[in-house]
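Undergrad:
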Amino acid sequence: DCIPIETWHALKATVATAINVAQVAGTRPHILFCPFHIRLEYSEVYSDDQWESMLQLDSPIHLQCYKDNPGDECIIEVVGPQYARRMWWYRQPISVEANDVWLQGFTMSGGQNGALTVLEGNMGVKLIDMEFNGNSSP
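In the working numbering, the protein residues as written are 1 to 138.
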């Protein structure tokens with residue numbers, strides 16, 4: 001069964017819980033999300049504590065969008081000021097910081113300084129059936 005979420009914070013909490021459980025069990029979690037459309041307001045995601053607001057994938061994990069019907073999507077849309085890309089502290093909403101992280105079937109939209117970042121040297125990172133719309137590069 002897929003996991004329903006409605007907010008950025010719910011997505012982050014679901015991922016954090018799965019990573020914690022998997023670390024205890026010595027496994028790699030695979031989370032299947034029900035289709036969603038999350039709109040991230042600039043002020044919600046890019047607060048004073050950038051690292052707290054980001055989704056930091058610092059352990060092996062497989063995040064997947066469950067697409068059962070035509071038109072099903074898992075959309076993460078960043079909504080904010082167009083000048084945000086000039087701000088030095090502006091970060092991407094997702095940071096891949098571990099080996100063997102798979103992101104499957106998500107649509108990233110509107111990131112003014114990129115949609116995600118993959119730290120140099122990570123191995124086995126896969127972006128599968130991803131869509132990037134209206135994002136700007138750093």
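Built from N, CA and C at the ideal position, the CB exists for glycine as well.
Here the structure is a predicted model, which means the values were calculated and not measured.
Can you give me the C-alpha to C-alpha distance between residue 13 and residue 34, rounded to a whole angstrom?
TA: Within the sequence shown, the letter at position 13 stands for residue 13. Within the sequence shown, the letter at position 34 stands for residue 34. Roughly 15 Å between the two C-alpha positions.
Undergrad: Where are the beta strand (DSSP E) runs, 3 residues long or more, that stay fully inside the segment 105-136, in chain order?
TA: Listed in chain order, the complete beta strand (DSSP E) runs (minimum 3 residues) inside the segment 105-136 are 106-109, 116-118, 126-128 and 131-133.
Undergrad: Give a yes or no on whether the C-beta atoms belonging to residue 129 and residue 104 are separated by under 7 Å.
TA: Position 129 of the sequence shown holds residue 129. Position 104 of the sequence shown holds residue 104. Contact flag set, yes.
Undergrad: Indicate the three-state DSSP secondary structure (helix, strand or coil) for residue 19 in the structure shown.
TA: Here residue 19 corresponds to residue number 19 of the sequence shown, with the count starting at 1. Residue 19 falls in the helix class under three-state DSSP.
Undergrad: Tell me the rounded alpha-carbon separation between residue 54 and residue 7.
TA: Counting from 1 along the sequence shown, the entry for residue 54 is found at position 54. Counting from 1 along the sequence shown, the entry for residue 7 is found at position 7. Roughly 13 Å between the two C-alpha positions.
Undergrad: Grab the span of the beta strand (DSSP E) containing residue 2 for me, first residue to last.
TA: Here residue 2 corresponds to residue number 2 of the sequence shown, with the count starting at 1. Segment: none, residue 2 is in no beta strand (DSSP E) and carries neither H nor E.
Undergrad: Starting from residue 74 and walking both ways along the beta strand (DSSP E), at which residues does that stretch end?
TA: For the purposes of this step, residue 74 is identified with residue 74 of the sequence shown, where counting begins at 1. Residue 74 -> beta strand (DSSP E) spans 74-79.
Undergrad: Just the C-alpha distance for residue 126 and residue 118, rounded to the nearest angstrom, thanks.
TA: Residue numbering aside, residue 126 sits at position 126 when the sequence shown is read from its first letter. Residue numbering aside, residue 118 sits at position 118 when the sequence shown is read from its first letter. Roughly 10 Å separates the two Cα atoms.
Undergrad: Let me make sure I understand the geometry here. Which of 78, 4 and 15 has the alpha-carbon closest to that of residue 96?
TA: For the purposes of this step, residue 96 is taken as the residue at position 96 of the sequence shown. Checked all of 78, 4 and 15; the closest Cα to residue 96 is 15.
Undergrad: Suppose you measure from the CA of residue 78 to the CA of residue 102; what does that come to, to the nearest Å?
TA: Translated into positions along the sequence shown, residue 78 becomes position 78. Translated into positions along the sequence shown, residue 102 becomes position 102. Taking the straight line joining both Cα atoms gives about 21 Å.
Undergrad: According to DSSP, is residue 7 part of a helix, a strand, or is it coil?
TA: Translated into positions along the sequence shown, residue 7 becomes position 7. Of the three classes helix, strand and coil, the one that applies to residue 7 here is coil, per DSSP.
Undergrad: What does residue 41 pair with, by DSSP beta-bridge criteria?
TA: For the purposes of this step, residue 41 is taken as residue 41 along the sequence shown, with counting starting at 1. BP columns for residue 41 point to 79.
Undergrad: Residue 64 bridges to which residues according to DSSP?
TA: Stepping through the sequence shown from its first residue, residue 64 is reached at position 64. Residue 64 pairs with 32 and 104.
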